[in-house]
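Protein chains in written order, with the working numbering: chain V, 8 to 320; chain A, 14 to 262.
Here the structure comes first, spelled out in structure tokens, and everything after it is commentary.
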Amino acid sequence: MTKILIVAEHDGQTLNPSTAKVVACAAEIDGAELDVVVFSDSASDVVVQAAKLDAISRVLTVDSVSSKNALAAMIAPQMVAIADGYSHLFGPSTTFGKDLMPRVAALLGVNQISDIMSVEGSHTFKRPIYAGNVVLTVKAPADRPVVATVRTASYQAVGSDNSAVVENIECTVELPTHTRFVELKSASSDRPDLQTAARVVSGGRALGSSENFDIIFALADKLGAGVGASRAAVDAGYVPNEMQVGQTGKIIAPALYVAIGISGAIQHLTGIKDAGTIVAINKDGEAPIFEVADIGLVGDLFKLVPEFTAALK
Amino acid sequence: MDKILVGLKRVVDFNVRVRVKNDGTGVETGGVKMSINPFDEIALEEALRIRERGEAKEVIVVSIGASESAQQLRTGLAMGADRAILIQTTAAADPISRARALLEIVNREAPGLVLLGKQAIDNDDNQTGQMLAALWGRPQATSASKLELNGDTARVTREVDLGLEIVDVDLPAVVTVDLRLNEPRYVKLPDIMKAKKKPLDEIPIADLGVEASPVIEEILFEPPEQRQKGVIVDNVAGLIAALKDKGLL
Ligand SMILES: Cc1cc2nc3c(=O)[nH]c(=O)nc-3n(C[C@H](O)[C@H](O)[C@H](O)COP(=O)(O)OP(=O)(O)OC[C@H]3O[C@@H](n4cnc5c(N)ncnc54)[C@H](O)[C@@H]3O)c2cc1C
Ligand SMILES: Cc1cc2nc3c(=O)[nH]c(=O)nc-3n(C[C@H](O)[C@H](O)[C@H](O)COP(=O)(O)OP(=O)(O)OC[C@H]3O[C@@H](n4cnc5c(N)ncnc54)[C@H](O)[C@@H]3O)c2cc1C
Numbered sequence: 008m009t010k011i012l013i014v015a016e017h018d019g020q021t022l023n024p025s026t027a028k029v030v031a032c033a034a035e036i037d038g039a040e041l042d043v044v045v046f047s048d049s050a051s052d053v054v055v056q057a058a059k060l061d062a063i064s065r066v067l068t069v070d071s072v073s074s075k076n077a078l079a080a081m082i083a084p085q086m087v088a089i090a091d092g093y094s095h096l097f098g099p100s101t102t103f104g105k106d107l108m109p110r111v112a113a114l115l116g117v118n119q120i121s122d123i124m125s126v127e128g129s130h131t132f133k134r135p136i137y138a139g140n141v142v143l144t145v146k147a148p149a150d151r152p153v154v155a156t157v158r159t160a161s162y163q164a165v166g167s168d169n170s171a172v173v174e175n176i177e178c179t180v181e182l183p184t185h186t187r188f189v190e191l192k193s194a195s196s197d198r199p200d201l202q203t204a205a206r207v208v209s210g211g212r213a214l215g216s217s218e219n220f221d222i223i224f225a226l227a228d229k230l231g232a233g234v235g236a237s238r239a240a241v242d243a244g245y246v247p248n249e250m251q252v253g254q255t256g257k258i259i260a261p262a263l264y265v266a267i268g269i270s271g272a273i274q275h276l277t278g279i280k281d282a283g284t285i286v287a288i289n290k291d292g293e294a295p296i297f298e299v300a301d302i303g304l305v306g307d308l309f310k311l312v313p314e315f316t317a318a319l320k
Numbered sequence: 014m015d016k017i018l019v020g021l022k023r024v025v026d027f028n029v030r031v032r033v034k035n036d037g038t039g040v041e042t043g044g045v046k047m048s049i050n051p052f053d054e055i056a057l058e059e060a061l062r063i064r065e066r067g068e069a070k071e072v073i074v075v076s077i078g079a080s081e082s083a084q085q086l087r088t089g090l091a092m093g094a095d096r097a098i099l100i101q102t103t104a105a106a107d108p109i110s111r112a113r114a115l116l117e118i119v120n121r122e123a124p125g126l127v128l129l130g131k132q133a134i135d136n137d138d139n140q141t142g143q144m145l146a147a148l149w150g151r152p153q154a155t156s157a158s159k160l161e162l163n164g165d166t167a168r169v170t171r172e173v174d175l176g177l178e179i180v181d182v183d184l185p186a187v188v189t190v191d192l193r194l195n196e197p198r199y200v201k202l203p204d205i206m207k208a209k210k211k212p213l214d215e216i217p218i219a220d221l222g223v224e225a226s227p228v229i230e231e232i233l234f235e236p237p238e239q240r241q242k243g244v245i246v247d248n249v250a251g252l253i254a255a256l257k258d259k260g261l262l
């Protein structure tokens, strides 16, 4: 019997879209029964949103004040305590899931499959390695729980027309006090979220300063796009770390990706492989970004981008 | 604290574009440049800075792998580590076995801090540190971009999807490092000479008594689907026309 437990990612109010994508991946396993678990201090809105996810049977809620800030050290023992009877435990390969799931796997004494990009069977999956330069098919042992993270950019979120059963679970496992949340610093913005935006405009080292990055923001606003950046632009301090796209940043799959003044290093390209259409603007016609761009424009960004922005209604 | 333990994994250099073997059994590593995993170099740099500030006495680098991994350990010693441990294994160690092997070293050395990379750039697993922390029953702080030691605790700034998360952890703890934590130093020639005299212990993995787990079988290595090269347009008007063509404007 294939029973899959999916950990919900949320901030106490809103269910993160990554959860619906993990459900989409899990639903590809034949005959699987899916449960979503919400660990929280009191996330009633999140539970309501989770119960709507198509393809799931139940939402389990495990309430504990210690779950408030979603620390792996607190959630992992609770997840292990309720893991009995599940053949698979899935989470998103966001920073939340990457932090949590290996800790769960280790407590269960198994390896984790990182970044599932396709389901080939109940225990066989494809995943990217070497910054996406190689696709590896892996097979997990049949007699142990499969603990995995799902590469969310490979999946479309399931719909939300369901009304799954909600069950509260008591979990009395002892939790550590050795890890304490202090604060979250987030440069809040009203632009579309990078990880779910249908359109993304990214800037690279070529921008040269954080003031110049306004050129990128102006274009993004006209396009209704989220804003990303290369590692070089983040390292140089032009924009904050949460905007980094690539192997060590965010893996995204917008319908339209516009790369401006970005050379196209493999570590960057691995973050945009699944984009629908890639547009590149770069003054160097030989830049590797043009090898993958669907539409390329060679020239000075400081001239071309304002012109492009002005031409959009 | 007395000791900091740092993991150094030998990986294909990040500049190398790897190729899948024709029979799909792995990637070509013959004749390919090998290096310390870039994240691990950053972990070591951080450990050295902590020792240089007088907040730790000894930095130990450890690698799990075949005998060639000694090269990366020597580089680590040349950067400034005090001694090195090579856990020898020819069979590929899976992440949980590696975490168990590291735990054995942790139990022997009792470090106040274990610094690892947040991920190795070959397998991109991003697991080992979290697993070690779980097995050890100690805190983990992954993807660190800032680390401050305050006696028995550490304050770690973590790079997360929403921005920066700050956590306090009791020591000992496992911290995995991200790229922006620091810029590793270059190794100077005299240091390479000096490093040859520093101790490098080799321990066969079997001697650590690590329990074997059923591994995740690696069935097939394939190149990814390639994106096709597109069109080059001449100007902004051409760009807008091409986007309209695709229904994107
Ligand atoms: C372990 C590791 C992990 C990494 N992870 C990531 C990651 O997650 N994401 C990431 O992005 N990188 C990552 N990198 C870094 C990556 O290798 C590159 O260094 C980085 O992507 C380069 O950023 P860039 O394209 O902005 O800068 P550059 O490579 O310097 O490119 C700048 C480009 O701008 C163009 N340009 C300059 N001026 C103009 C102008 N006026 N008009 C138009 N074009 C102009 C140039 O022709 C050039 O192509 C990683 C590296 C390592 C080692
Ligand atoms: C020929 C071959 C066959 C393989 N077969 C299998 C298999 O059957 N099953 C399987 O599960 N895996 C197999 N592997 C995978 C291999 O063991 C991977 O290294 C591992 O699965 C995951 O990797 P990671 O290095 O990406 O870990 P990560 O968790 O991404 O590494 C994080 C950090 O942990 C530390 N670390 C990791 N490895 C070491 C190390 N060796 N020494 C010191 N510190 C380290 C480093 O600080 C590193 O930055 C095989 C590998 C090879 C080369």
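Just so it is clear, CB atoms sit at the ideal spot from N, CA and C, and this is done for glycine as well.
All values reported here derive from a predicted model rather than from experimental measurement.
I need the boundaries of the beta strand (DSSP E) containing residue i, first residue and last residue.
i        : result
V:Asn289 : 284–289
V:Asn175 : 172–175
V:Pro99  : 95–99
A:Gln153 : 153–163
A:Pro217 : 213–217
V:Asp42  : 40–47
V:Ser121 : 119–123
A:Val25  : 23–25
V:Arg206 : 206–210
A:Ile229 : No beta strand (DSSP E) contains A:Ile229, which DSSP labels as neither H nor E.
Between residue i and residue j, how many whole angstroms is the CB-CB distance? I'm expecting something under 8 Å.
i        : j        : result
A:Leu256 : V:Ile222 : Rounded, the Cβ-Cβ distance is 18 Å, inconsistent with contact.
A:Val31  : A:Leu128 : Wrong, their Cβ atoms sit about 26 Å apart, outside the cutoff.
A:Ile49  : A:Thr88  : 6 Å
V:Ala113 : A:Ala104 : No, V:Ala113 and A:Ala104 are not in contact; Cβ-Cβ is about 20 Å, not under 8 Å.
A:Leu192 : A:Pro124 : Incorrect: roughly 23 Å between the Cβ atoms, too far for contact.
Using a beta-carbon distance below 8 Å, is residue i in contact with chain B?
i        : result
V:Asn248 : The structure shown has no chain B; the protein chains it does contain are V and A.
Note down, in chain order, every chain V residue with its Cβ under 8 Å from the Cβ of residue i.
i       : result
A:Arg64 : Within chain V, no residue comes near A:Arg64; the closest Cβ sits about 24 Å away, beyond 8 Å.
In its own chain, which residues sit with a C-beta less than 8 Å from the C-beta of residue i, not counting the 5 before and 5 after it?
i        : result
A:Val29  : Val45, Lys46
A:Val244 : Ala255
V:Thr9   : Ile36, Asp37, Gly38, Ala39, Glu40, Ser94, His95, Ser129
V:Glu16  : Leu22, Asn23, Ser25, Thr26, Ala77, Gly98, Pro99, Thr101, Phe103, Gly104
List the residues of chain A that residue i touches, going by C-beta distances under 9 Å, in chain order.
i        : result
V:Val142 : Val33, Leu233, Phe234, Glu235, Pro236, Pro237, Glu238
V:Glu314 : Asn248, Val249
V:Gln202 : Asp174
Excluding the five sequence neighbours on either side, which residues of its own chain have a C-beta within less than 6 Å of the C-beta of residue i, listed in chain order?
i        : result
V:Pro261 : Ala204, Ala205, Arg206, Val207, Ala282
V:Thr68  : Val45, Val54, Asn175
A:Arg6   : With chain A covering only 14 through 262, there is no way to say anything about residue 6 of chain A.
V:Val305 : Gly292
A:Ile100 : Ile77, Ala114, Ile216, Ile218
Under 9 Å Cβ-Cβ, which residues of chain V neighbour residue i?
i        : result
A:Gly5   : For residue 5 of chain A there is no data in the structure shown, the boundaries of chain A being 14 and 262.
A:Ala225 : Those within 9 Å of A:Ala225 in chain V number zero; the least Cβ separation is about 11 Å.
Can you list the residues of chain V that residue i reaches, using a CB-CB cut of under 7 Å?
i        : result
A:Ala104 : Those do not exist, as A:Ala104 stays about 14 Å from chain V at its closest Cβ, beyond 7 Å.
A:Leu18  : Result: empty, since nearest Cβ-Cβ is about 17 Å, beyond 7 Å.
A:Lys259 : Thr284
A:Ser156 : Thr102
A:Asn120 : Within 7 Å Cβ-Cβ: nothing; A:Asn120 doesn't reach chain V, min ~16 Å.
Name, please, each residue of chain A whose Cβ falls closer than 7 Å to the Cβ of residue i.
i        : result
V:Glu298 : Lys242
V:Gly1   : Missing from the structure shown is residue 1 of chain V; chain V here goes from 8 to 320 and no further.
V:Asn118 : Asp107, Pro108, Ile109, Ser226, Val228, Ile229
V:Gly253 : Going along chain A, no residue has its Cβ under 7 Å from V:Gly253, so there is no contact; the nearest lies around 10 Å.
V:Asp242 : Arg193
If you follow the alpha helix (DSSP H) that residue i is in, where does it begin and where does it stop?
i        : result
V:Lys105 : 102–115
A:Ile109 : 108–122
A:Met206 : 202–208
A:Val180 : Careful: A:Val180 lies outside any alpha helix (DSSP H), inside the beta strand (DSSP E) at 176–183.
A:Val188 : Taken as a continuous stretch (DSSP letters only), A:Val188 belongs to no alpha helix (DSSP H), being part of the beta strand (DSSP E) at 186–190.
V:Phe309 : 308–318
V:Val66  : Taken as a continuous stretch (DSSP letters only), V:Val66 belongs to no alpha helix (DSSP H), being part of the beta strand (DSSP E) at 65–70.
V:Phe224 : 221–230
V:Asp52  : 51–58
V:Arg187 : Careful: V:Arg187 lies outside any alpha helix (DSSP H), inside the beta strand (DSSP E) at 186–192.
V:Gln85  : 79–88
A:Leu57  : 51–65
Starting from the C-beta of residue i, find all residues in its chain whose C-beta is less than 7 Å away, skip the five residues before and the five after it, and write them out in chain order.
i        : result
A:Arg151 : Pro185, Ala186, Val187
V:Asp122 : Ser100, Arg134, Pro135, Thr156, Arg158
So residue i contacts chain A; which residues on that side make the cut at Cβ distance below 8 Å?
i        : result
V:His185 : Arg151, Pro152, Val182, Asp183, Ala186
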